[in-house]
Amino acid sequence: MMSCADAARLMSDEMQGAVNTRARLRLRLHLMMCSGCQQYRKQLSQLRRWLKSGQLDADYTTQPESMQLEESTRKRIHDSLQVELERTQNS
Amino acid sequence: MSTAQNRDTQDIATKPENWLERYGDALYRYAFARLRDKAQAEDAVQECLLAALNARSDYRAESSEKTWLFGILKHKILDQFRRNAREVQISADDEADALIDRSFDVSGRWRQPPGVWQDPGNEVEHSQFWAMLEHCMDGLPKTLSAAIRLIEIDDVSSEEACKALGISATNLWVRLHRARLGLRGCVQSNWFSKSSRRSQQK
Numbered sequence: 058m059m060s061c062a063d064a065a066r067l068m069s070d071e072m073q074g075a076v077n078t079r080a081r082l083r084l085r086l087h088l089m090m091c092s093g094c095q096q097y098r099k100q101l102s103q104l105r106r107w108l109k110s111g112q113l114d115a116d117y118t119t120q121p122e123s124m125q126l127e128e129s130t131r132k133r134i135h136d137s138l139q140v141e142l143e144r145t146q147n148s
Numbered sequence: 030m031s032t033a034q035n036r037d038t039q040d041i042a043t044k045p046e047n048w049l050e051r052y053g054d055a056l057y058r059y060a061f062a063r064l065r066d067k068a069q070a071e072d073a074v075q076e077c078l079l080a081a082l083n084a085r086s087d088y089r090a091e092s093s094e095k096t097w098l099f100g101i102l103k104h105k106i107l108d109q110f111r112r113n114a115r116e117v118q119i120s121a122d123d124e125a126d127a128l129i130d131r132s133f134d135v136s137g138r139w140r141q142p143p144g145v146w147q148d149p150g151n152e153v154e155h156s157q158f159w160a161m162l163e164h165c166m167d168g169l170p171k172t173l174s175a176a177i178r179l180i181e182i183d184d185v186s187s188e189e190a191c192k193a194l195g196i197s198a199t200n201l202w203v204r205l206h207r208a209r210l211g212l213r214g215c216v217q218s219n220w221f222s223k224s225s226r227r228s229q230q231k
C-alpha cells in the first residue's frame, strides 16, 4: 500500500494538476483508510487559501516598516535616475 | 488646466522624481521578501525605477502608479531569480531540507499525524496569524520559499516558474511538495500547537 510520505507528495502534485488517473485512484484508496492524510489534504487547501488571500502580498509587503533603503543606496539610485532622466530628456 | 491636449511625457501624472521617495522603501521591502538578499533587493529597485523611467510613456491610468511600478518590480525579481539559478548554489539549505524529511518515519508514516486546523478567529489574533505565516515562509529554505511564493502568492504559471528558477517541472513539483510540508510543520508548531485557545477541544 501507498505510504503517507508518497501520498503527501501526490497530494501536492495534485494541486498543480500533475497527477494521472491511476495515481489518483491509489491516492483515493489511501485516503479512505488514513485520517492523518485526510487532515493533511485539508491543511494543504487551507494553506493555499491563506497564501492566496493577499494578506502576505500587500504592497508594503510583510517586512517591517522599519526596513528601509539606506541613505547611501537611496542616493545611488536617485543619482542614476537623474542621469537617465536627463539623458532621455535631451535625446 | 487642460489635460487632453498636452499629453506629452511632461504632463503624464507620473513624476519620476517622486517615485523613489514615495515608493522606494515599499518596493525594497517587497523585493527583499522575495530575494532574501539586501544587495539584490536594492538592485531590483534600481532596475525597476530605471525601467519605469524609460517606459513611462507606456503608463496608462488604468492601474495606479503604484501597481504599475510593482508590476515592473516583479519582472525584475524574476530576472534576478534567473541569474541566481545560473550560479551553482551551495546549499546551506540542505539541513533545513532534511528537517522537512523528518515529517515521516522510515516506513513513510506520519511521525505526528496532522490534526484539525481552525481558521484564525478575531482581529487581534488575525494579525498575529499573518505575522506567523510570513515568519514560516521566511524560515523555509530559500529555494523552496521562492518556488511556493511564485506559484501561490504571485500566481505565476508553472512554466514561468520553471524558467525563472531554471529547473524542470519535476523539480518544481518536488520543491513545492517540500515547501508545503515545511510550511505545514511550521504553522502547526508555531500556531496550532502553541495555545489551547486554538485547539479543537475548545
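If you're matching them up, the sequences are chains A and B in order.
Residues 58 to 148 (our numbering) are what the first sequence spells out, left to right.
Residues 30 to 231 (our numbering) are what the second sequence spells out, left to right.
No residue lacks a Cβ here, since even glycine has one placed at the ideal position from N, Cα and C.
Given residue i, which residues of its chain have a CB within under 8 Å of its CB, disregarding the five upstream and five downstream residues?
i, result
"Ile101/B", "Cys77, Ala80, Ala81 and Ala84"
"Gly93/A", "Cys61"
"Gly74/A", "none"
"Ala65/A", "Cys94 and Tyr97"
Residues of chain A with CB closer than 8 Å to the CB of residue i, please, in chain order.
i, result
"Asn83/B", "Glu141 and Thr145"
"His206/B", "Ala65, Arg66, Ser69 and Asp70"
"Ser136/B", "Ser60"
"Arg17/B", "Within the shown structure, residues of chain B are numbered from 30 to 231, placing residue 17/B beyond reach of any answer."
Can you tell me whether residue i is helix, strand or coil according to DSSP?
i, result
"Trp146/B", "coil"
"Ala90/B", "coil"
"Ala75/A", "coil"
"Tyr117/A", "Here Tyr117/A scores only 46 on pLDDT, less than 50, and its place in the model should not be relied on; the value that follows carries that caveat. Coil at Tyr117/A, not helix or strand."
"Ile196/B", "coil"
"Ala84/B", "coil"
"Cys215/B", "helix"
"Arg36/B", "The predicted position of Arg36/B is uncertain, since its pLDDT is 40 and thus under 50; a value taken from the coordinates is nonetheless stated next. Here Arg36/B sits in coil by DSSP."
"Glu128/A", "helix"
"Ile119/B", "The pLDDT assigned to Ile119/B is 45, lower than 50, so where the model puts this residue is not dependable, and the model offers no usable value."
"Pro170/B", "coil"
"Glu188/B", "helix"
"Asp54/B", "helix"
"Gln139/A", "helix"
"Met90/A", "helix"
"Met68/A", "helix"
"Asp183/B", "coil"
"Gln112/A", "coil"
I want to verify the contact list: residues of chain B whose CB lies under 9 Å from the CB of residue i, in sequence order.
i, result
"Met89/A", "The premise fails here: Met89/A is roughly 15 Å from chain B at the closest Cβ pair, so nothing lies under 9 Å."
"Ala176/A", "The first residue shown for chain A is 58 and the last is 148, placing residue 176/A beyond what the model contains."
Based on DSSP bridge pairs, tell me the residues matched to residue i.
i, result
"Trp139/B", "Phe133/B"
Just confirm the distance between the C-beta atoms of residue i and residue j, as a whole number of angstroms; I'd bet it's less than 8 Å.
i, j, result
"Leu113/A", "Ile182/B", "6 Å"
"Ala100/A", "Arg213/B", "Before going further, note that residue 100/A is Gln rather than Ala in the sequence given. Contact holds; Cβ gap of about 6 Å."
"Trp146/B", "Gln103/A", "6 Å"
"Arg131/B", "Ser69/A", "Not a contact, Cβ separation roughly 17 Å."
"Val76/A", "Leu86/A", "Actually they do not touch by this definition, with Cβ atoms about 14 Å apart."
"Met59/A", "Arg83/A", "5 Å"
"Met72/A", "Arg106/A", "Actually they do not touch by this definition, with Cβ atoms about 12 Å apart."
Leaving aside the five residues before and after residue i along the sequence, list all residues of the same chain whose C-beta is less than 6 Å from its C-beta, in chain order.
i, result
"Leu107/B", "Ala193"
"Phe158/B", "Pro149"
"Trp48/B", "Leu78"
"Lys105/B", "Ala73, Glu76 and Cys77"
"Cys165/B", "Leu212, Cys215 and Val216"
"Met161/B", "Asn219 and Trp220"
Can you pull the chain A residues whose beta carbon is under 9 Å from the beta carbon of residue i, in chain order?
i, result
"Leu49/B", "Leu126, Arg131, Ile134, His135 and Leu138"
"Leu162/B", "Leu104, Trp107, Leu108, Gln112, Leu113 and Thr119"
"Glu71/B", "Leu126, Glu127, Thr130, Arg133 and Ile134"
"Trp139/B", "Cys61, Ala62, Ala65, Cys91, Gly93, Cys94 and Tyr97"
"Leu79/B", "Ile134, Ser137, Leu138 and Glu141"
Just to confirm my understanding: we take residue i, look at its own chain, exclude 5 residues before and 5 after, and list those with CB closer than 7 Å. What are they?
i, result
"Arg204/B", "Thr172, Leu173 and Ala176"
"Tyr52/B", "Lys95 and Leu98"
"Ala70/B", "Tyr57, Ala60, Phe61 and Leu64"
"Cys191/B", "Ser197, Ala198 and Leu201"
"Leu169/B", "Ala208, Gly211 and Leu212"
"Ala80/A", "Leu67"
"Glu46/B", "none"
Give the interface partners of residue i over in chain A, defined as CB-CB distance under 7 Å, in chain order.
i, result
"Asp108/B", "Neighbours of Asp108/B on chain A: none; closest Cβ ~17 Å, over 7 Å."
"Ser187/B", "Gln73"
"Glu94/B", "Those within 7 Å of Glu94/B in chain A number zero; the least Cβ separation is about 11 Å."
"Arg111/B", "Going along chain A, no residue has its Cβ under 7 Å from Arg111/B, so there is no contact; the nearest lies around 21 Å."
"Gln157/B", "Within chain A, no residue comes near Gln157/B; the closest Cβ sits about 12 Å away, beyond 7 Å."
"Pro143/B", "Gly93, Gln96, Tyr97 and Gln100"
"Asp54/B", "Gln125 and Leu126"
"Pro45/B", "Leu138 and Leu142"
Give me the chain B residues within the contact set of residue i, using Cβ-Cβ distance strictly less than 8 Å, ordered along the chain.
i, result
"Arg105/A", "Glu181"
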